[in-house]
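So the sequence shown is numbered by the numbering used here: it starts at 21 and just counts up by one. Using N, Cα and C, we set each Cβ at its ideal position, and we do this for glycine too. Reviewing the structure listed below.
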Amino acid sequence: MSQEQQPRPEPLDPPMVPFAVAGLIAWAVAGLVLLIFFRDWLTESGRQNWLWTCLAGFLWGFPGLAVMMRHDANRRRRRAAAAQRPR
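Here's what the structure looks like:
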């Protein structure tokens, strides 16, 4: 009783730069919202480190963006090489 295997779908390989940019924007917006609307509450409750966390997330997003830009460039090269290969 051999069961025929289903063809394997191609793995997802979406562009990653938009995800990195979205992360940068999310950290920046979160930090600005905390800074503008919740600064007094953060100070009173001793949670000023939340602002530093947002800043760290935003700054660490730049190396992440650089890595994702390189990943996308390699992805484009892989797809171009695969398109030129005879089947």
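6 Å Cβ shell around residue i - same chain, five flanking residues per side excluded
{"i": "His91", "result": "Met36"}
Nearest neighbour of residue i, chosen from the options [CA to CA]
{"i": "Leu44", "options": "Trp61, Arg105, Thr73 and Gln68", "result": "Thr73"}
{"i": "Trp80", "options": "Arg67, Val41 and Pro29", "result": "Val41"}
{"i": "Met88", "options": "Glu30, Pro106, Pro38 and Gly66", "result": "Pro38"}
{"i": "Phe78", "options": "Ala48, Gln26 and Glu30", "result": "Ala48"}
{"i": "Glu30", "options": "Gln104, Arg99, Pro106 and Arg105", "result": "Arg99"}
Start and end residues, alpha helix (DSSP H) containing residue i
{"i": "Leu79", "result": "Asn69 to Gln104"}
Sequence-distant residues of its chain with Cβ nearer than 7 Å to residue i (five each side left out)
{"i": "Asp33", "result": "Arg95"}
Close beta carbons around residue i, own chain, < 8 Å, minus the five adjacent residues each side
{"i": "Leu85", "result": "Val37, Ala40, Val41 and Leu44"}
Requested in this report: Enumerate, from N- to C-terminal direction, the unbroken alpha helix (DSSP H) stretches of 4 or more residues contained entirely within the region 23-59.
Outcome: 37-57
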